[in-house]
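For the sequence shown, position 400 matches number 400 in UniProt numbering, and the numbering has no gaps at all.
C-beta atoms are modelled at their ideal positions from N, C-alpha and C, and glycine is treated no differently.
No experiment lies behind these values; they were computed from the predicted model shown.
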Amino acid sequence: MKADSPAQDTKVDKTVLIPAMVVIIFVCGLLTAFPEAGGKYLNRLLAFTTNELGILYLWLGVFSLGFMGWIIFGKYGAIKLGKPEETPEFSTPSWIMMLFCAGLGSGALYWGSIEWAYYYLSPPFSLAPKSVEAGNHAAMYGMFHWGIMAWAMYALPSVPIAYAFHVKKIPYLRMSSACKGILGHHADGLPGKIIDIFFILGLMGGVGATLGLSTPMLSQGIAQLTGLVRSFEMDVVIIVLWTALFGTSVYLGLERGIKRLSDFNVCIGLALICFMLFSGPTIFILSTFTNSVGLLFDKFILMSLGTDPIGKSGFAQGWTIFYWAWWIAYAPYMGLFVTRISRGRSLGEMAFAQCFWGSMGCWVIFSVLGNTGLYFELNEIVPVTRILTDQGAPAAIIEIIRHFPLGSGVLVIFLILGFVYSATTMDSAAFVVASVASDKMLPTDQPARWHRLLWALVLGGVTLTMMYLGGLKNIQTLCVVAAFPLIFIIGLSVCSLLRWLKEDEPTTPQN
């Protein structure tokens, strides 16, 4: 494994940095100054985007899955990222841990514990709330939303970005570089700058959603352990500590910061999940997981494209489209980060690792945490749905975790895991955004340290804004609206890749 020591810091591209920063500060300032009016406006935007434009998100999900299959199993999957003789920069286990943690964050711990309860109370397909069928679908739907289609959307931009950076040798680790096959020299001009600014704004939406949901869960857990009352001030302290942690990790770089955090977190996470599986309702967890896999295959097409235009339940708009928008908002960032750590690997290997290992990891988390919560609800051990309705999701999640054997100890580890999981996602995000707002980058280069720290602080500020606004609907709106322009940008990058593949077919290095 090669160290980061030869890497050089790159110069800042002010034509990307300044406009993006101005827009972020303006939007956050406006929403903070007028939270009530801002919340109403965000709700109107959410309704319009999901109802009128939501099918675009659904079709992009289907396309992503098909395209990733074409790359993984087709002839282009053998294309080498870098020189033919190059070996991977990171070991395969560390590489998988880094891409898994970058795409996961504490959002999986949050939704893995409680998502089923929302579906159990308000199930899809006009099922009766709290019925047997509602329970079956509640256990399954999280596996769909965090499964292979979600990770295919994550992986989609990584293919054109990696091809542009490692094969075409375009010295910019940017979304606009992946569009150069179509835009030509315009990718270096105003159109390219606009693409990169939209990427940064989309990522801010995804980041705001992740931390905006996870912070109350962590503060609720701390309040439970210490006897303190959860408050907005406690949330702010957590955000400050979070920013300091992932800011320090970003400052240290890939090898000493992000890689070590990822390795640590996966090891602790595996140990905790194994303990929960074997100390909890093991047979129920495994049986429900098996049933969910069967139900997932049975309903996969309908869940992928169903919009319920006649019944108008709003389930697809409120959940599936929200999730697909969340993945789209994060997808270019994942593409840039995975590109940075995948030198020496093949296109197919990179695509497969994201789709397979990402999906499997999420399935394990959702099966163990979610099915245990469902078991507690059905057997009246913890009234999860009542706590969710009366006190909110963070309180319900903490009660589920507390009722495992050695509850307080498990809760401490769960909180540490959630804290560091988000740190690995956020430090990866700060690293990537700083790369986008930097000038020419060689594969071994890194953005300037102060630049990475600046974006760590900005990510913390965006999260505080979302915490101040509050409410799941506002967070959903931020994701859906911020991700919308990225649909077309990702589509442009795919068209660019197809043109390059056709032009370069006789010359591309393969394994």
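Residue i to residue j span [Cα, whole Å]
i: PHE322; j: ASN136; result: 22 Å
i: ILE182; j: SER176; result: 10 Å
i: ILE398; j: ALA483; result: 31 Å
i: HIS145; j: TRP324; result: 8 Å
i: VAL167; j: GLU86; result: 12 Å
i: CYS495; j: TYR333; result: 19 Å
i: LEU277; j: LEU486; result: 38 Å
i: CYS134; j: TYR120; result: Note on identity: in this sequence residue 134 is Ala, with Cys being the wrong assignment. ALA134 and TYR120: Cα-Cα distance of roughly 5 Å.
i: SER493; j: PRO157; result: 7 Å
i: LEU497; j: ILE194; result: 20 Å
i: PHE337; j: MET98; result: 9 Å
i: ALA139; j: PHE284; result: 11 Å
i: SER5; j: LEU501; result: In this prediction, SER5 has a pLDDT of 41, which is less than 50 and means its spatial position is unreliable; what the coordinates show is noted afterwards. So the alpha carbons of these two residues sit roughly 33 Å apart.
i: PHE315; j: ARG449; result: 44 Å
i: ILE18; j: MET143; result: 40 Å
i: TYR421; j: LEU369; result: 16 Å
i: ALA223; j: THR372; result: 23 Å
i: ALA117; j: GLY82; result: 46 Å
i: LEU218; j: ILE238; result: 8 Å
i: PRO35; j: LYS169; result: 45 Å
i: ALA152; j: LEU58; result: 13 Å
i: CYS362; j: PHE352; result: 15 Å
i: ARG499; j: VAL480; result: 29 Å
i: SER313; j: PHE48; result: 16 Å
i: PHE199; j: TYR154; result: 14 Å
i: ASP390; j: VAL236; result: 24 Å
i: GLY335; j: MET350; result: 10 Å
i: VAL132; j: THR385; result: 15 Å
i: HIS185; j: TYR163; result: 17 Å
i: ALA7; j: ASP445; result: For ALA7, the predicted structure reports a pLDDT of 48, less than 50, and the residue's modelled location is therefore unreliable. A value from the coordinates is still provided. For ALA7 and ASP445, the distance between alpha carbons rounds to 5 Å.
i: ASP504; j: PHE67; result: 19 Å
i: GLY306; j: LYS14; result: 44 Å
Whole-angstrom C-beta distance between residue j and residue i, which should lie under 8 Å
i: LEU464; j: ALA430; result: Actually they do not touch by this definition, with Cβ atoms about 16 Å apart.
i: ILE341; j: GLU89; result: 7 Å
i: ALA78; j: SER428; result: About 27 Å separates the two Cβ atoms, so there is no contact after all.
i: ILE365; j: LEU109; result: 7 Å
i: ALA178; j: ILE161; result: 4 Å
i: PRO171; j: LYS440; result: 4 Å
i: VAL159; j: ILE71; result: 6 Å
i: PRO216; j: PRO394; result: 4 Å
Status (buried if at least 16 other CB within 10 Å, exposed otherwise) for residue i
i: ALA128; result: exposed
i: PHE376; result: buried
i: ALA37; result: exposed
i: ARG343; result: buried
i: CYS267; result: exposed
i: THR226; result: exposed
i: GLY29; result: exposed
i: GLY74; result: exposed
i: LEU53; result: exposed
i: PRO84; result: exposed
i: PRO123; result: buried
i: VAL240; result: exposed
i: PRO405; result: exposed
i: residue 513; result: The structure shown does not extend to residue 513, since the chain is modelled only from 1 to 511, so the question has no answer here.
i: VAL462; result: buried
i: ALA329; result: buried
i: PRO447; result: buried
i: LYS180; result: buried
i: LYS80; result: buried
i: PHE100; result: buried
i: ALA209; result: buried
Test item: CB-CB of residue i and residue j under 7 Å
i: ALA150; j: TRP327; result: yes
i: SER113; j: ILE301; result: no
i: LEU415; j: GLY269; result: no
i: ALA437; j: VAL16; result: yes
i: HIS451; j: ALA434; result: yes
i: LEU478; j: GLY202; result: no
i: PHE289; j: SER367; result: yes
i: SER106; j: GLY318; result: no
i: LEU31; j: LEU454; result: no
i: VAL62; j: SER304; result: yes
i: ALA456; j: THR243; result: yes
i: CYS355; j: ILE148; result: yes
i: GLY212; j: MET426; result: no
i: PHE165; j: THR339; result: yes
i: ILE413; j: LEU272; result: yes
i: ASN474; j: GLY39; result: yes
Identified DSSP bridge partners for residue i
i: LYS80; result: SER346
i: SER438; result: VAL12
is_contact[residue i, chain D] using C-beta, thresh 7 Å
i: GLY66; result: The structure shown contains no chain D; it is built from a single protein chain.
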